[in-house]
Amino acid sequence: MTSSLTQNALPCTLVDSCLVPYRSCDSSRKLLLFLIDGFRYDYTDDLQNLGGFREIVENGVKVDYMTPDFPSLSYPNYYSLMTVKALRTYRDWSNKADMAAIYYEKIDVEGHHHGPRSPQIKSAVHSLDQALQYLNRIIKEKSMRDEINVVMFSDHGMTELKWMENVIELDKYTSMSNIIKMMDRGPVVSLWPKQDKCEEVYQNLSKVNNMKVYKKQEIPDRYHYRNGRFVSTLTLVAEPGWFIAENKGKLPFWKNSTGGAEGWQHGWHGYDNEFIDMRGFFLAQGPDFKTNFRAGPIRSVDVYNILCRTLGIEPLPNNGSWSRVESMLRSSTDVTRPALIYSLLLSLLLLMQSEIF
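Counting from 11, one number per residue, gives the positions in the sequence shown under our numbering.
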């Protein structure tokens with residue numbers, strides 16, 4: 011989901027990304043990329059009943075889980091996962107593509123509306139699995155197993171939310187007239203108090219249970235957050251399962267079957283990125299990945315190096331760790347003929363549109 015905190019979540023420490031070996035583009039395979047919004051790491055636990063996911067796991071790589079960046083919201087992690095600038099030009103899709111990407115939001119929407127353990131989530135995961143079974147079948151029919159890498163991951167997980175119960179109403183603890191600007195509502199909220207009221211607001215909110223209040227210079231190092239130039243004077247971080255808002259009247263209801271914005275939310279994300287329910291997933295298969303390989307945990311900032319490696323692109327300096335991901339990759343540098351990625355992508359998109367949405 012969107013957030014005005016996007017520009018605040020900027021990692022600040024370069025690690026061993028410069029050690030990533032890369033190939034020339036001439037020797038790279040095609041890449042089909044899936045970003046599944048809100049897909050929690052444990053949604054694939056029932057592999058026996060998820061044939062599409064199971065085939066990818068058996069033919070490729072599955073990590074234990076992927077830790078998102080803080081805050082565990084969508085847009086900050088889109089930047090971390092892809093580390094690219096926005097595409098500002100159109101291209102002719104009739105030409106062969108080196109990489110094609112699909113973004114899928116339904117898992118996140120159902121998680122928010124009904125909760126991560128709801129029947130609606132189970133149904134949405136099974137619908138996605140049907141599309142993956144189709145994808146696997148097309149790859150085999152077109153003899154593309156040795157030509158195309160398929161990588162899929164999520165931006166964050168989801169946790170249960172007790173709507174209307176676990177709400178921290180700020181106007182009960184401090185005068186909102188002392189706040190110049192408030193951005194967002196939910197697990198992480200940014201406040202800019204009046205300069206002469208900052209300490210008063212800080213002291214008032216520091217007494218509130220189930221929420222931590224940080225002055226900019228006191229934000230924990232592990233969040234890699236406080237040095238962002240848009241970070242607020244005060245940052246509020248809720249405990250998992252709690253929701254921060256000015257008051258209950260400002261809660262983000264959704265349009266349910268009544269036709270009005272009356273639906274309660276039963277799931278949310280954005281909490282401490284080390285909280286287990288915020289963990290995402292990562293799967294990959296193809297000629298560059300090992301077969302039936304279980305990898306240890308990775309972080310969202312590591313994905314960029316994997317994508318560069320499979321595409322034969324030298325990565326720019328970044329915050330990812332090559333040592334966390336190199337074990338899942340083969341060292342082969344065989345040259346293969348171009349894959350029919352355009353026709354494959356078009357077929358898959360048509361299926362997802364007709365059967366899932």
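Don't be surprised by glycine CBs; every beta carbon is placed ideally from N, CA and C.
Asked, Found
"Out of D312, D108, G70 and F44, which one is the CA nearest neighbour of R340?", "G70"
"Which one or two residues does DSSP pair with N329 in a beta bridge?", "DSSP output for N329 lists no bridge partner at all."
"At a cut of 8 Å, does the segment 285–298 reach the segment 59–77 through at least three beta carbon pairs?", "yes"
"Roughly how far, in whole angstroms, is the beta-carbon of D282 from the beta-carbon of V311, given that I think they are within contact range, below 8 Å?", "So it is not a contact: roughly 17 Å between Cβ atoms."
"Ordered along the chain, which non-local residues of its own chain (more than five positions away) have a Cβ less than 6 Å from that of R236?", "K226 and I229"
"With W278 and H122 assumed to form a contact (beta carbons below 8 Å), what rounded beta-carbon distance in angstroms separates them?", "7 Å"
"Look at the alpha carbon of I46 and the alpha carbon of P126, and state the distance between them as a whole number of angstroms.", "14 Å"
"Touching or not, the segment 308–325 and the segment 161–168, by the rule of three or more beta carbon pairs under 8 Å?", "yes"
"State the Cα-Cα distance for the pair S185 and V211, rounded to the nearest angstrom.", "8 Å"
"Output yes or no for whether 8 Å exceeds the beta carbon distance between F49 and I112.", "no"
"So the alpha helix (DSSP H) I148 belongs to, where does it begin and stop?", "P129 to E151"
"If we count the other Cβ atoms within 10 Å of its Cβ and call it buried at 16 or more, is M174 buried or exposed?", "exposed"
"Take the Cβ of N315 as the centre, count every other Cβ of all protein chains shown within 10 Å, and call the residue buried at 16 or more, exposed below.", "buried"
"Given a cut-off of 8 Å, decide if R39 and E157 are closer than it, judged by their beta-carbon atoms.", "yes"
"My guess is that D79 and M168 are in contact by the Cβ rule of under 8 Å, so how many angstroms apart are they, rounded?", "Their Cβ separation, rounded to whole angstroms, is 16 Å, which puts D79 and M168 out of contact at 8 Å."
"Taking just the CA atoms, how far does R334 sit from T16?", "Below a pLDDT of 50, predicted positions are generally treated as unreliable, and T16, at 39, falls in that range; the measurement from the model is reported next regardless. Going from the Cα of T16 to the Cα of R334 covers about 25 Å."
"Go ahead and label D194 buried or exposed: buried means 16 or more other beta carbons lie within 10 angstroms of its beta carbon, across all protein chains shown.", "buried"
"Under the rule that 16 or more other beta-carbon atoms within 10 Å means buried, what is W264, buried or exposed?", "exposed"
"F240 to P203, Cα distance in whole Å?", "15 Å"
"Which class does K300 belong to by DSSP, given the choice of helix, strand or coil?", "coil"
"Does the separation of the CB atoms of V177 and A107 fall below 8 Å?", "no"
"Distance check for L180 and T54, CA to CA, integer angstroms please.", "38 Å"
"What are the start and end residues of the alpha helix (DSSP H) that includes E120?", "K116 to H124"
"Quick one, which of M109, Q130 and A110 has its alpha-carbon nearest I117's?", "Q130"
"Below 8 Å between beta carbons: does that hold for C208 and T243?", "yes"
"With DSSP run on the structure shown, which of helix, strand or coil describes A349?", "Any reading at A349 needs caution, since the residue's pLDDT is 42, under 50, leaving its predicted position unreliable; the model's value is listed next. It is coil, neither helix nor strand."
"Determine the contact status of L317 and L41, defining contact as a CB-CB distance below 8 Å.", "yes"
"I'd like the ranges of any beta strand (DSSP E) spanning at least 3 consecutive residues and lying wholly in the segment 143–202.", "158–163, 177–179 and 189–193"
"Assign I190 to one of two classes, buried (16 or more other C-beta atoms within 10 Å of its C-beta) or exposed (fewer than that).", "exposed"
"Would you give the residue range spanned by the alpha helix (DSSP H) that T54 belongs to?", "Careful: T54 lies outside any alpha helix (DSSP H) and carries neither H nor E."
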